[in-house]
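Read through the structure below, which is laid out as structure tokens, and then see the notes.
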Amino acid sequence: QTYQQVFEQKIASGMAGKISQRVQLLTAKQFADLVASSEVAPEVQAQLRYYLAKLAKSYQQESMLGSASVGNSAFKQYLSEQISHFLESGEWPANFKVLPMPPGSPI
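Counting with my numbering, you get residues 33 to 139 for the letters of the sequence shown.
Put into structure tokens, the structure is as follows:
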């Protein structure tokens, strides 16, 4: 259900779109953290890994085909690459750093 709510919704434009992209990044990172955690059951890890692989494949295809927004295509390409790196190496890329939202952000 989380996967559908976060990743299968159409990304809006403007600030709402940027917020959606941020939520997608943080959710994908959280899925990866759970896959790598020794405290999560193997069945749950397998399901989350499946969702990450599905998302990477979907976003790779969408970014190659292009979408309504060049920025959205670039985001999908970036997230697809981050997830693919994790699936191959077992580690989230070192260049990815979750930063706190700036004060006064709309969230």
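Ideal Cβ positions, reconstructed from N, Cα and C, are used throughout, including at glycine.
Secondary structure of S45, DSSP reduced to three states: coil
Contact between the stretch 34-51 and the stretch 67-78 (3+ Cβ pairs under 8 Å): no
Between the CA atoms of G136 and A91 - distance to the nearest angstrom: For the record, residue 91 in the displayed sequence is Tyr; it is not Ala. Cα-Cα distance, rounded: 30 Å.
Where S121 falls, given that 16 or more other Cβ within 10 Å makes a residue buried: exposed
Contacting residues, own chain, Cβ-Cβ under 8 Å from S116 (five flanking each side not counted): A88 and Q92
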